[in-house]
Each structure stands twice: as C-alpha cells, then as structure tokens.
Amino acid sequence: MIRDYNMKEYKKNAFRQSKHRGEIASRVRVPGGKIDSQSLMRVVEIAEKYGNGTINITSRQGFEIPHIRIEDRDKVNEELQLIIENTGVNQEEAGKGYPASGTRNVGACPGSDLCPFACYDTKEMAAKIDKMIYPNNHHVKIACTGCSNDCAHVRLNDFGIIGQTEPQYDPDRCIGCEQCVQYCSKRSVGALSVVNGKIIRDTNKCIGCGVCVNYCPTRAWTRSKEKYFRLELLGRTGKKNPRMAGDFLKWADEESILKMIKNTYEYLDKYLDMAAVEAKEHIGYIVDRTGVEEFLKYAMKDVELGPKCEMAGRIYWEGKRYDQTNELRKSMYRFSGREE
Ligand code: SF4
Ligand code: SF4
Ligand code: SF4
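Numbering-wise, the sequence shown is residues 1 to 340 according to this note's numbering.
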C-alpha cells in the first residue's frame, strides 16, 4: 500500500487515500442523500477539472471524486465551498473543505418528500442529525428510513431510525371491504382481523408500518398526528464480527432519539481507545469492551421516554464471529476438496 506521510491530515479533511501514488479522492458529504442540481454540477466540474472525469457514488449516499492530485487539494477545497453551503454541512473555516470524516454521512430513504409509505420526512431528520453531530471524527453511522420496509438498510448502522405511525380507525367511514386486513396480512404482520363487522387491530402485533392507511379506500384508517420511531442499535459491518442492529426502542419520540445520539458522543469521548484511533475502532466494539450497560448509562442520560415507548430489556445481536471460530473456513475447505 502506498502511503503518503500527510495522509492523516488529508483524511481528516475528508480526502481518501488512493492506491495511486500522488493521488487522493475527495469525499463529498450529502446529508440524507439530498443534493441540489447546482451542487451536483459542481461535483461534475471538480471531477472534470481535477480528477479523471469519473465519480463514485458511495454506499452512504455521498460522492467520491477519485484521481485528484495531492497538490490540488486546496483548489478542490475552494470549489467544494458551494456544495458545503448548499447542503448545509457544518464547517470550521470557509474554503478549507470538510473538517472531519469519521462520523459518516447520515443516510436516508426518500421519505415523505416522495414515498407514499413514509411515516416522516427522513431527509429533514438526516439533515437535523448531521447538523447536531458534524464535524466529529468518531466513527459513527446513522441512517433514517421512512417505514418498516427499511429501504435505507438502517440495521447495518449504529443508530437505525425507522418511522412508525399509530393507525387511527374511524368505524363510521369503514365500508367493510377488508382490504386493510388483507394488505396487513400479505405485506405486513397480520395485525388486523374482523370482529362483528368491525376491524380490530392487535396492538401487540402492529408494527406501525402504515400499510392499512395506504390501502383503505375510504380513509377509515389515517395516520396518527404523533410521529413515532423504532430505534435499532449498534449494527455494523467489519471484518471481525459483522452483525445486524438489535431492537431497542419502539414507539419512541424524536427528541429522545436525538438526545441518545448526542449522548453517545460523550460516551465515545470517554471510552475511545486512542491507540485504536488509527484502526478506527468502531463504536460497537467499544461497547463490547465496556459492556452495553455502561453505554446505555451514557446514551440514556436525561432521556425521558414517552408513555407509549417500549424499551427492550435486553438487546439481542446476531452476527458472524470470524474472530472466534474457523469452523466455517474448515467446512469450506472440505467442500472444495482442498487440504488445510
Ligand atoms: S423505507 Fe418506506 S418510506 Fe422509505 S422508501 Fe422504502 S417504502 Fe418508502
Ligand atoms: S400499521 Fe401495519 S401492522 Fe399495524 S395494522 Fe396497519 S398494516 Fe397492520
Ligand atoms: S380498508 Fe378501510 S374501509 Fe375497508 S375494511 Fe379496512 S378500514 Fe374498512
């Protein structure tokens, strides 16, 4: 691997290391994946002027402009200014580019700006969270998805925020077509049934997906005024122990979730292993070290959950343990007929 001695500084400035000597890639932060056309044009201009005319769209909904010569970094930073301002990203000094890269771009599905199934404005929420946590070099991943369909794959994030609605039933508008029952059963969890001509919702089963609201022809089902969220905690990718996030809160309010995220940075300030900074110790592994109780002690500080909120007594994580077993590897060798 070719390493430039200034790489640490470039990384902090949101430039990415390249395998090509003398080159770096410019990371463009796009909270919620929402960018205006003027900024998008600027990304293209930078790629044409300083790169080789190609752009990578990242899995976290930002851009990377590769093949930039290291000596062009300052000029690229100046050109990034318009994008930084238009996307509302916090900055330390105008014209100097992005001040951090550790805390990742906050992702979002299209949300209520576009999708009829959305329970909230995911883009707005992503922008709000980004404003609250950026710049920061702690390695934290957050994503917002508008409903339990989870198009944003939030369970691979440290904080996965899933919109919920509590459907409201008006029997006077109901014509008994049972569409809601069928759709809830086919597309969701089957929480609806018909009793004496009325539709009954099993509140223990209902996940607040809003499918019944979308398919009711008479608006007998409507969305609750209050917005609710399911919070999935500490999912991760990675080589050692990738895993899906675990259920933590259901029917939570926005304020509680934002507070938890903010509090988490205090936990990281205290427990991040400075020797592991270069190795980008992931928050999930820090929680493995300290125990989840210690993490929650920080994360839940001054959080007042609403009366409807349910909290998991225990978080269950399922994932691969490549650091603990070689059984899978052995069986793969056996299957291929190779000797170890
Ligand atoms: S997660 Fe739900 S709201 Fe978001 S795009 Fe998918 S279906 Fe629409
Ligand atoms: S919100 Fe979803 S789970 Fe709940 S009753 Fe409606 S369709 Fe079923
Ligand atoms: S879809 Fe609407 S109108 Fe039809 S049974 Fe359900 S609540 Fe009643």
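All C-beta atoms in this analysis are idealised placements derived from N, C-alpha and C, irrespective of residue type, glycine included.
Bear in mind that the values here come from a model prediction, so they are computed numbers and not experimental data.
Asn56 CB to nearest heavy atom of ligand 1 below 7 Å | No, ligand 1 has no heavy atom inside 7 Å of this Cβ.
So, is Arg27 buried or exposed, given that buried needs 16 or more other C-beta atoms within 10 angstroms?
-> buried
Answer yes or no: do Asn105 and Val44 have a C-beta to C-beta separation smaller than 8 Å?
-> For Asn105 and Val44, no; Cβs fall outside 8 Å.
At a cut-off of 7 Å, is Gly342 close to ligand 1 when judged by its beta-carbon and the heavy atoms of the ligand?
-> There is no way to answer for residue 342, as the model of the chain reaches only from 1 to 340.
What residues in its chain sit with their C-beta under 7 Å from that of Gly319, if we drop five residues either side in the sequence?
-> Asn241, Pro242, Arg243 and Met244
Integer-rounded CB distance, given that Ala220 should sit under 8 Å from Cys206 | Not confirmed; about 16 Å, so no contact.
Uninterrupted alpha helix (DSSP H) stretches inside the stretch 50 to 125 (no shorter than 4 residues) = Runs of the alpha helix (DSSP H) inside the stretch 50 to 125: 73 to 86.
Any heavy atom of ligand 3 nearer than 7 Å to the CB - residues listed | Tyr169, Arg173, Cys174, Ile175, Gly176, Cys177, Glu178, Gln179, Cys180, Val181, Ile199, Cys212, Tyr215, Cys216, Pro217, Thr218, Ala220 and Trp221
Output the residues surrounding ligand 1, defined as those with a CB atom closer than 5 Å to any ligand heavy atom, in chain order.
-> Cys109, Pro110, Cys115, Phe117, Ala118, Thr145, Gly146, Cys147, Asn149 and Cys151
Which two residues bound the contiguous alpha helix (DSSP H) that contains Ser188?
-> Neither: Ser188 is in no alpha helix (DSSP H) and is coded neither H nor E.
Grab me the residues of Lys34's own chain with a C-beta within less than 6 Å of its C-beta, minus the 5 sequence neighbours each way, in chain order.
-> Lys123
Straight-line CA distance for Ala343 to Ile57?
-> This structure gives no information on residue 343, because the portion of the chain shown stretches from 1 to 340.
Check the DSSP bridge columns for Ser193 and list the partner residues they point to.
-> BP columns for Ser193 point to Ile200.
Return the first residue and the last residue of the beta strand (DSSP E) that Tyr228 is part of.
-> Tyr228 to Leu233
Span separating the alpha-carbon of Glu9 from that of Glu78 | 17 Å
Whole angstroms is fine: what's the gap from Ile68's alpha carbon to Gly32's?
-> 25 Å
Which residue's Cα is closest to the Cα of Cys362: Gly208, Pro217 and Gly197?
-> What the structure shows of the chain is the stretch from 1 to 340, and residue 362 is not part of that stretch, so it cannot be assessed.
Compare the Cα-Cα distances from Ile133 to each of Asp36, Ser37 and Thr264 and report the closest residue.
-> Thr264
Is it buried or exposed for Gly210, if we count other Cβ within 10 angstroms and need 16 for buried?
-> buried
List the endpoints of the continuous beta strand (DSSP E) containing Leu258.
-> Where Leu258 is concerned, there is no enclosing beta strand (DSSP E), although the alpha helix (DSSP H) around it starts and stops at Glu254 to Tyr271.
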